[in-house]
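Everything on this sheet refers to the single structure shown next.
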Amino acid sequence: MKNITILGSTGSIGTITLGIIKQYSDKFNVVGLAGGSNVELLAKQCRDFKPSIVSLKNKDTAGALKRLLGDTCGIEITWGAQGLIKVASFAPADMVVSAIVGIVGLIPTIVAIESGKDIALANKEILVTAGALLMQKVAEAGVNLIPVDSEHSAVFQCINQVDKSEISRIILTASGGPFVNFSAEQLDRVTLEQALRHPTWKMGQKITIDSASLMNKGLEVIEAHWLFNMPVDKIDVLIHPQSIIHSMVEMVDGSILAQLGITDMSIPIQYALSYPKRIPNPSLHLDLVKASPLSFSHPDTKRFPCLKYAYDAARAGGGKPVVLNAANEIAVKAFLNKEISFKDIPYIIKQALDKRQTEKISNIQQTLELDARVRKTTKNKLAHFTVRTIVDADL
Ligand code: NAD
Ligand code: MG
């Protein structure tokens, strides 16, 4: 029996993870949960899975959960940054699923690593902002870090079989999002509702918008760079609208290894939970004939500049990826709140990147300080923008 804690249990990855745990209740057991403000769903998860500890966003939501569950539920209910740390380090857990969205997941994931937990990592923003430091912590603690992101799970599964010195490049596939065939003029007019309609994956709102702008793939390039210790220039991206090949590894002799599967996050999540073993799951069968034909093309960074900004930030190193991520988190939130247009997202990120020199980052404190500064200046900028001026600006 493997004891599991889930950070971000009410989200898209969190709920799929709980579905798998329910399906294989003879193999996995939930000991800790952390979520934001969805008290009703957390209450249901507590009743269904009976964790020993649960954390919510703040004191009010924690109080509401206590009232819903009653005083006698026997679950320790905690909240805020300290609550997340308590849940992440909860002693009985063997593995922590890191599935909070954004840099807010950084400290609890580090705490989990330092507490000796294996990590199933969905949160990509924390590798983008603190990849070197995280990988160092993983090495020091001697824990397993198993990627949940489908592309990285694919690469992880392929390179497990090979000598790493024989890899010539990693090829990450991208669906291209809902606007892959839109002209620059059409992109000027896309709505939030269109951007939230992803063609192949059903995911949380932030990653869905990142997929539409191709920032998601940019973040994934940086994620792959740290996970697989691979130079950014050996990580390519191909548009593959069917999302059947989840990613590939090209070997020095021209062989390409690939991992294929249906577009269901259950596959990489289940693999991360059961690693290094595999669990039979006939419901996840891929019919290759029905999935045919498979097609590939190069991404267009003129229409989707976020991908280029991510490569540039990764090459520059230091604090640049932190700036990229913070500006993106703020811009996506503003777009979700209908405060800016879709094309403003890359504009805002570019402004943030151009404004700053590459800063040297040597610890988590400096990472979080830079993140906070970029958020503040980006929010200030947004407060003085009108949608009109941004749309008219020359991208
Ligand atoms: P989501 O928005 O559906 O869920 C996010 C979770 O984080 C929720 O449980 C929310 O309550 C929690 N959360 C947010 N802020 C919090 C806070 N301050 N304190 C405590 N909890 C907080 O997001 P998602 O789509 O599940 O994505 C999660 C992460 O996994 C992201 O980094 C995303 O890039 C990555 N990822 C997701 C998918 C997918 O299919 N959804 C695929 C690959 C990678
Ligand atoms: Mg992905």
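Going by this note's numbering, the first residue of the sequence shown is number 321, and it counts up by one from there. The C-beta atom is built at its ideal place from N, Cα and C for all residues, glycine as well.
Would you say residue i touches ligand 4, meaning its beta carbon is less than 6 Å from a heavy atom?
{"i": "Thr687", "result": "The model on display carries ligand 1 and ligand 2 but not ligand 4."}
If contacts are defined as beta-carbon pairs under 8 Å, then residue i and residue j qualify, I think. What distance do you get, rounded to the angstrom?
{"i": "Ala611", "j": "Ile564", "result": "5 Å"}
{"i": "Ser372", "j": "Val351", "result": "5 Å"}
{"i": "Gly284", "j": "Asn443", "result": "In the structure displayed, the chain extends from 321 to 715; residue 284 sits before or after that span and is not available."}
{"i": "Asp552", "j": "Tyr667", "result": "Checking the displayed sequence, the identity of residue 552 turns out to be Val instead of Asp. The pair is not a contact, with the Cβ atoms about 23 Å apart (cut-off 8 Å)."}
{"i": "Ala578", "j": "Ile490", "result": "The Cβ separation is near 11 Å, so there is no contact."}
{"i": "Thr528", "j": "Thr583", "result": "In fact, because the Cβ distance is near 13 Å, the residues do not count as touching under 8 Å."}
{"i": "Ala547", "j": "Pro467", "result": "Checking the displayed sequence, the identity of residue 547 turns out to be Leu instead of Ala. Between Pro467 and Leu547 the Cβ distance is about 6 Å, and since that is below 8 Å, they are a contact."}
{"i": "Leu492", "j": "Leu465", "result": "The Cβ separation is near 18 Å, so there is no contact."}
{"i": "Ile423", "j": "Ile684", "result": "Actually they do not touch by this definition, with Cβ atoms about 11 Å apart."}
{"i": "Phe348", "j": "Leu604", "result": "Wrong, their Cβ atoms sit about 17 Å apart, outside the cutoff."}
Tell me whether the beta-carbon of residue i lies closer than 7 Å to the beta-carbon of residue j.
{"i": "Glu570", "j": "Ser470", "result": "no"}
{"i": "Pro641", "j": "Val448", "result": "yes"}
{"i": "Phe624", "j": "His560", "result": "no"}
{"i": "Ala432", "j": "Val458", "result": "no"}
{"i": "Ser375", "j": "Leu404", "result": "yes"}
{"i": "Leu362", "j": "Leu338", "result": "no"}
{"i": "Ala494", "j": "His566", "result": "no"}
{"i": "Thr450", "j": "Gly328", "result": "Inspection of the sequence shows that residue 450 is occupied by Ala rather than by Thr. Not a contact, by the Cβ cut-off of 7 Å."}
{"i": "Gly538", "j": "Leu627", "result": "yes"}
{"i": "Ile587", "j": "Gly581", "result": "yes"}
{"i": "Trp399", "j": "Ala382", "result": "yes"}
{"i": "Val572", "j": "Ile555", "result": "no"}
{"i": "Leu516", "j": "Lys663", "result": "no"}
{"i": "Gly637", "j": "Glu679", "result": "no"}
{"i": "Lys526", "j": "Val694", "result": "no"}
{"i": "Ile336", "j": "Met585", "result": "yes"}
{"i": "Thr511", "j": "Ala413", "result": "no"}
{"i": "Leu614", "j": "Gln677", "result": "no"}
{"i": "Cys366", "j": "Ile341", "result": "no"}
Does residue i come out as helix, strand or coil in the three-state DSSP assignment?
{"i": "Ala703", "result": "helix"}
{"i": "Met321", "result": "coil"}
{"i": "Gly339", "result": "helix"}
{"i": "Ala354", "result": "strand"}
{"i": "Ala413", "result": "coil"}
{"i": "Ala713", "result": "Bear in mind that a pLDDT of 45 at Ala713, under 50, signals an unreliable position, so the number given afterwards is only what the model happens to contain. If DSSP states are grouped into helix, strand and coil, Ala713 belongs with coil."}
{"i": "Ile333", "result": "helix"}
{"i": "Val694", "result": "helix"}
{"i": "Arg489", "result": "strand"}
{"i": "Val407", "result": "helix"}
{"i": "Val652", "result": "helix"}
{"i": "Thr398", "result": "strand"}
{"i": "Phe662", "result": "coil"}
{"i": "Ile433", "result": "helix"}
{"i": "Ile373", "result": "strand"}
{"i": "Ile420", "result": "coil"}
{"i": "Ala382", "result": "helix"}
{"i": "Ala442", "result": "coil"}
{"i": "Ile668", "result": "helix"}
{"i": "Ile681", "result": "coil"}
{"i": "Arg708", "result": "Note that Arg708 has pLDDT 47, beneath the 50 cutoff, so the model's placement of it is unreliable and the number below is only indicative. If DSSP states are grouped into helix, strand and coil, Arg708 belongs with the helices."}
Problem set entry | Secondary structure, alpha helix (DSSP H): runs of 4+ residues fully inside the region 492-568 | 504-508, 512-515, 525-533 and 535-547
Please determine if the region 332-341 and the region 427-438 are in contact, where contact requires at least 3 C-beta pairs separated by less than 8 Å. no
What are the start and end residues of each continuous beta strand (DSSP E) run of 3 or more residues lying completely inside the region 569-644, in chain order? 576-580
- Three CB pairs or more closer than 8 Å across the region 698-707 and the region 656-671: yes
Check whether the region 643-653 touches the region 686-694, counting contact only when three or more Cβ pairs, one atom from each stretch, lie closer than 8 Å. yes
Query raised in the report: Taking three-plus beta-carbon pairs below 8 Å as touching, is the region 647-656 in contact with the region 668-675?
Result: yes
**Prompt:** At a cut of 8 Å, does the region 521-539 reach the region 495-504 through at least three beta carbon pairs?
**Reply:** yes
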